[in-house]
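Colleague: Just so you know, the protein sequences line up as chains A and B, in that order.
Counting in the numbering used here, the first sequence runs from 459 upward without gaps.
Counting in the numbering used here, the second sequence runs from 65 upward without gaps.
For glycine and all other residues, C-beta sits at the position ideal for the given N, C-alpha and C.
These figures come from a predicted structure and were not determined experimentally.
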Amino acid sequence: MTNGFVPPAVTIMAATSRLIDLQHPRGANVYIPAPGPKGGTYTGIALLVLDILHNLERERGTGYVTITELYGFVRQLASDVLLEDLEYVLLSLSKEREICYSTPDEETCTLNYGYVRDKTKIVDLADSRAQVRITDTASLFLRICENEISWLYDESDAHKIITALDNNKFGDIPTICRNISLDLAKKARELTDLIEHPTREEQGAILVADGPAINENLKKTKETIQSALRIILEQSTMDAFNQWAGRAKAGFELGNLQTELEVLLQTAEVVSRRFIEFLDIAQQRKDIVPSYHQFLDMAERLVFRCDSGSVQRLEHLMRGVMPADIPTRWFDPSLVPGTIDLYDLLDNPEEDAPPKSFNVTDSESPAVKHFMSFIEKNREAIYERLESGPMPFSEFLTSTDFVLAEDDTALDFLGVYVSPHALDSPEPSTQRIIVGFPQREFRMKNDGSLIISSDPLIMLEKQGV
Amino acid sequence: MIPYEQGLTHAALLQYRVITDNPQGRHLKKREAEAARLLSRASEGERLDFDNFLAAQGLAVKTYDGINFGIMPNPKCCNQIHVLHRCRGERLALFFDQGWFIEAMKDQRFKGGKAEIVIWFARLWLTLQYFFYNKIARHPQQISHYDKALVFTEHFTEVVKKGIEDMGNTGRPEGEVGAMWDVLWDDNVKIDTWISKFMRVMLKAGVIEETGVKDEYRQSLSAAVDMALNSDYDLTYLMPPDDLKDMDNRSYMLITGAPMPVRAQETEGRDASDQ
Numbered sequence: 459m460t461n462g463f464v465p466p467a468v469t470i471m472a473a474t475s476r477l478i479d480l481q482h483p484r485g486a487n488v489y490i491p492a493p494g495p496k497g498g499t500y501t502g503i504a505l506l507v508l509d510i511l512h513n514l515e516r517e518r519g520t521g522y523v524t525i526t527e528l529y530g531f532v533r534q535l536a537s538d539v540l541l542e543d544l545e546y547v548l549l550s551l552s553k554e555r556e557i558c559y560s561t562p563d564e565e566t567c568t569l570n571y572g573y574v575r576d577k578t579k580i581v582d583l584a585d586s587r588a589q590v591r592i593t594d595t596a597s598l599f600l601r602i603c604e605n606e607i608s609w610l611y612d613e614s615d616a617h618k619i620i621t622a623l624d625n626n627k628f629g630d631i632p633t634i635c636r637n638i639s640l641d642l643a644k645k646a647r648e649l650t651d652l653i654e655h656p657t658r659e660e661q662g663a664i665l666v667a668d669g670p671a672i673n674e675n676l677k678k679t680k681e682t683i684q685s686a687l688r689i690i691l692e693q694s695t696m697d698a699f700n701q702w703a704g705r706a707k708a709g710f711e712l713g714n715l716q717t718e719l720e721v722l723l724q725t726a727e728v729v730s731r732r733f734i735e736f737l738d739i740a741q742q743r744k745d746i747v748p749s750y751h752q753f754l755d756m757a758e759r760l761v762f763r764c765d766s767g768s769v770q771r772l773e774h775l776m777r778g779v780m781p782a783d784i785p786t787r788w789f790d791p792s793l794v795p796g797t798i799d800l801y802d803l804l805d806n807p808e809e810d811a812p813p814k815s816f817n818v819t820d821s822e823s824p825a826v827k828h829f830m831s832f833i834e835k836n837r838e839a840i841y842e843r844l845e846s847g848p849m850p851f852s853e854f855l856t857s858t859d860f861v862l863a864e865d866d867t868a869l870d871f872l873g874v875y876v877s878p879h880a881l882d883s884p885e886p887s888t889q890r891i892i893v894g895f896p897q898r899e900f901r902m903k904n905d906g907s908l909i910i911s912s913d914p915l916i917m918l919e920k921q922g923v
Numbered sequence: 065m066i067p068y069e070q071g072l073t074h075a076a077l078l079q080y081r082v083i084t085d086n087p088q089g090r091h092l093k094k095r096e097a098e099a100a101r102l103l104s105r106a107s108e109g110e111r112l113d114f115d116n117f118l119a120a121q122g123l124a125v126k127t128y129d130g131i132n133f134g135i136m137p138n139p140k141c142c143n144q145i146h147v148l149h150r151c152r153g154e155r156l157a158l159f160f161d162q163g164w165f166i167e168a169m170k171d172q173r174f175k176g177g178k179a180e181i182v183i184w185f186a187r188l189w190l191t192l193q194y195f196f197y198n199k200i201a202r203h204p205q206q207i208s209h210y211d212k213a214l215v216f217t218e219h220f221t222e223v224v225k226k227g228i229e230d231m232g233n234t235g236r237p238e239g240e241v242g243a244m245w246d247v248l249w250d251d252n253v254k255i256d257t258w259i260s261k262f263m264r265v266m267l268k269a270g271v272i273e274e275t276g277v278k279d280e281y282r283q284s285l286s287a288a289v290d291m292a293l294n295s296d297y298d299l300t301y302l303m304p305p306d307d308l309k310d311m312d313n314r315s316y317m318l319i320t321g322a323p324m325p326v327r328a329q330e331t332e333g334r335d336a337s338d339q
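1. For residue 786 of chain A, return the contacting residues in chain B, with the cut-off set at a CB-CB distance below 8 Å.
2. In whole angstroms, what separates the C-alpha of residue 699 of chain A from that of residue 157 of chain B?
3. When you check each C-beta in the region 724 to 736 of chain A against every C-beta of chain B, which residues fall closer than 8 Å?
4. Go through its chain and collect everything with a Cβ distance to residue 293 of chain B's Cβ below 8 Å, but skip five positions before and after it.
5. What residue range does the alpha helix (DSSP H) around residue 915 of chain A cover?
6. Kindly say whether residue 259 of chain B, judged by its beta-carbon, lies nearer than 8 Å to any beta-carbon of chain A.
7. Quick one: using the 10 Å Cβ neighbour count with 16 as the cut-off for buried, is residue 746 of chain A buried or exposed?
8. Would you mind telling me which residues of chain B sit closer than 7 Å to residue 773 of chain A, beta carbon to beta carbon, in chain order?
9. If you measure from the beta carbon of residue 187 of chain B to each beta carbon in chain A, is any gap under 8 Å?
10. Are three or more beta carbon pairs between the region 212 to 226 of chain B and the region 234 to 250 of chain B nearer than 8 Å?
11. On a CA-only basis, which of A/770, A/785, A/647 and A/664 is nearest residue 730 of chain A? Give me that one, please.
12. If the cut is a Cβ gap below 8 Å, which residues of chain B does residue 781 of chain A touch?
13. Going by CA-CA distance only, name the one from B/69, B/86, B/173 and B/132 that's closest to residue 341 of chain B.
14. Which class does residue 900 of chain A belong to by DSSP, given the choice of helix, strand or coil?
15. Leaving out five residues before and five after residue 533 of chain A in sequence, what residues of the same chain have Cβ atoms less than 7 Å from its Cβ?
16. What are the start and end residues of the alpha helix (DSSP H) that includes residue 530 of chain A?
17. Over the uninterrupted beta strand (DSSP E) stretch that includes residue 496 of chain A, give me the two end residues.
18. Would you say residue 70 of chain B reaches chain A, if we count a Cβ-Cβ gap shorter than 8 Å as a contact?
19. I'd like the span of the alpha helix (DSSP H) that includes residue 635 of chain A, first residue to last.
20. Is DSSP giving residue 783 of chain A helix, strand or coil here?
21. Using alpha carbons as the reference points, say which of A/490, A/615 and A/639 lies closest to residue 143 of chain B.
22. Do you know whose CA, among A/631, A/513 and A/704, lies nearest residue 604 of chain A's CA?
23. On the three-state DSSP scale, how would you describe residue 546 of chain A?
24. The alpha helix (DSSP H) with residue 73 of chain B in it runs from where to where?
25. Look at residue 726 of chain A and residue 676 of chain A and say whether their C-beta atoms are less than 8 Å apart.
26. Evaluate residue 328 of chain B with the Cβ neighbour count: other Cβ atoms within 10 Å of its Cβ, from every protein chain shown; 16 or more gives buried, anything less gives exposed.
27. What are the residues of the region 671 to 699 of chain A that lie near chain B, defined by any Cβ-Cβ distance shorter than 9 Å?
28. Decide yes or no for the touch test of the region 164 to 184 of chain B against the region 766 to 773 of chain A: beta carbon pairs closer than 8 Å, at least 3 of them.
29. Rounded to whole angstroms, what is the Cα-Cα separation between residue 477 of chain A and residue 672 of chain A?
30. Please classify residue 130 of chain B as buried or exposed, where buried requires at least 16 other C-beta atoms within 10 Å of its C-beta.
31. What do you reckon, are the CB atoms on residue 899 of chain A and residue 913 of chain A nearer than 8 Å?
32. Using the beta-carbon count (16 or more within 10 Å), is residue 269 of chain B buried or exposed?
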């Protein structure tokens with residue numbers, strides 16, 4: 459048995475097989491031919507032969523290879539292949555068959571019928587039937603197969619963008635970008651699949667083994683796109699685009715191409731992040747054994763293991779797994795426990811205490827009056843303290859025994875540093891208070907609230923001394 | 065996110081459960097794109113605030129890059145999919161009605177009790193999950209295959225009927241154990257009516273979506289995300305106890321939500337593959 463890895467050539471064969479079966483319609487029934495007894499052997503030999511001939515062609519150029527030599531190469535790779543099987547396969551591959559097809563006609567909007575014969579043979583036997591070579595159709599097939607191992611080919615695809623830019627083929631760039639984007643999207647989905655499915659270890663292991671190369675490749679893809687972005691911004695590209703746009707009547711601007719490339723760059727970044735995530739998970743996966751729910755068995759078991767509490771437990775379970783419904787059409791914050799009902803605040807605004815303000819103006823507002831009366835009561839005590847030297851504001855607040863009326867707090871003193879002239883005594887005096895700001899802050903607690911304020915230095919200046 | 069934007073996103077998530085600005089196979093819903101973009105472009109701090117706001121209601125939102133589901137990015141869009149789901153460990157806010165489906169399964173002709181509805185509902189729900197997972201050999205953690213999980217009502221009915229028939233042929237368990245058997249194996253039961261009501265409720269709950277083919281439905285993305293969580297937490301209750309002596313331990317794990325030890329899972333995995 460194989461190890462679960464399907465060669466790209468087989469994938470492509472499988473991809474076209476159902477199309478080929480449409481060549482043999484059998485009335486209303488869908489025709490699915492069963493594989494013959496030696497189908498697997500012959501397919502294996504055919505792919506082997508194509509591969510060997512392709513390699514030989516690359517080494518020696520186009521030309522015939524003798525079947526004896528070919529058989530020698532085949533035996534090196536698979537020693538149990540019989541010569542008669544090889545001959546049968548070569549004969550079969552060298553025969554032409556008819557492939558019917560049809561394409562829609564643009565003018566009449568009906569199908570145009572056609573058939574092809576010469577494209578169907580993929581090896582060419584010499585007249586002697588002792589020599590063989592591959593045809594152009596086979597080369598095309600092998601080229602597609604090589605592209606199919608495409609985890610490592612984003613980079614070369616991305617290079618197409620730069621080639622298109624170099625050759626002023628601006629019209630092709632959106633298509634190339636979308637093709638790469640689609641390819642990356644498929645890969646991302648494949649990674650998601652491997653991440654979510656803990657049992658597909660084999661496929662995962664192949665990617666893990668290729669990890670450094672894929673990572674490097676994604677990195678280079680990003681770099682290529684970035685350099686394409688740089689090229690787009692060059693003056694010469696802009697000129698070439700304008701010329702081309704005038705000639706080709708393009709339906710887009712250079713800015714659109716830039717956006718396409720930027721999105722492609724983002725996509726490549728998402729895929730490389732996803733790949734790293736995959737590698738991370740693949741390394742941890744070894745100890746996880748997935749539990750698999752058999753839903754129909756569960757349903758059976760419920761019936762035959764029923765007891766008095768079963769229905770109640772089942773209801774509880776169903777309430778948990780079913781998405782909940784919202785019976786009300788309006789969402790109001792009061793529906794969520796622990797949040798504030800904004801309507802309550804609107805309805806009872808008088809509960810809010812008026813904010814305290816330290817703006818001292820000449821107006822006779824209650825706040826200013828309150829502040830002035832506080833200063834009046836404490837002026838002497840303040841002057842006494844400052845006699846001994848300058849003092850930081852915070853120390854003033856915490857250590858001075860202010861005379862407090864009923865609704866006063868020490869915080870009323872905060873306003874003083876914005877209007878020190880309020881402290882000047884009403885009688886003519888040689889002293890006045892000066893405030894300096896050394897850019898310090900202090901914090902204190904008062905009645906459960908935290909006060910953060912700047913901490914100016916307050917000092918007494920004696921004039922005329 | 066200013067409060068208006070939070071409110072808009074919250075409303076869109078509550079109403080649609082899945083929001084994206086690049087939907088596949090359907091049109092954008094009203095203000096869906098706006099809400100999806102707000103969520104995609106929110107800063108980390110804003111997203112954290114929003115997550116906390118949702119967690120207070122027992123909800124959470126998962127964000128997927130569309131490309132990880134094989135969706136080709138659209139240059140004009142953020143290309144992310146946001147799915148609202150239950151936040152495990154947080155109580156669902158009181159304004160949600162979790163038992164709504166029981167009322168929804170009733171119609172004017174229905175004379176039975178709540179127990180009957182629960183038994184039928186659970187059976188049909190498990191059969192539906194069989195179509196979404198076992199039938200296409202998919203694991204509940206494989207969220208990305210949600211669009212391949214299809215159920216055709218005719219086949220669904222066949223499976224339910226066959227299950228009930230097999231159950232009837234096995235015979236009624238003795239005594240109290242047969243209570244559920246009695247409900248399901250009743251001559252007057254109209255299975256088709258139960259199924260059509262069930263499908264309607266599932267459609268309303270957003271567990272299934274219409275595919276455009278009559279009577280064929282697809283699992284919704286939000287249902288797939290929910291199921292990935294449910295299979296880890298809730299469904300363990302329905303799994304067979306492999307060793308009755310271990311019952312206390314299992315119950316304890318179910319309550320605390322601790323993962324099952326690897327050894328127990330291995331046994332279960334083997335059981336599953338034997339079946």
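Modeller: Reading off the structure:
1. 159
2. 58 Å
3. 724, 725, 728, 729 and 732
4. 149, 150 and 152
5. From DSSP, residue 915 of chain A is part of no alpha helix (DSSP H) but of the beta strand (DSSP E) over 915 to 920.
6. no
7. Annotation note: pLDDT 47 at residue 746 of chain A (below 50); position unreliable, coordinate value reported separately. Exposed: under 16 other Cβ atoms inside 10 Å.
8. 182
9. yes
10. no
11. A/647
12. Under the 8 Å cutoff, chain B gives 81, 269, 270, 271, 286, 287 and 290.
13. Lying outside 65 to 339, the shown extent of chain B, residue 341 of chain B is not represented and no answer is given.
14. Secondary structure of residue 900 of chain A (DSSP, three-state): strand.
15. 539
16. 525 to 535
17. First-last for residue 496 of chain A: undefined, no H or E at that position.
18. no
19. 631 to 654
20. strand
21. A/639
22. A/513
23. DSSP places residue 546 of chain A in helix when its eight states are reduced to three.
24. 67 to 80
25. yes
26. Caution applies to residue 328 of chain B, whose pLDDT of 46 falls short of 50 and renders its modelled position unreliable; the model cannot decide the point.
27. none
28. With three or more CB-CB distances shorter than 8 Å, the region 164 to 184 of chain B counts as touching the region 766 to 773 of chain A.
29. 33 Å
30. In summary, residue 130 of chain B is buried, with 16 or more beta-carbon neighbours lying within 10 Å of its beta-carbon over all protein chains present.
31. yes
32. It counts as buried.
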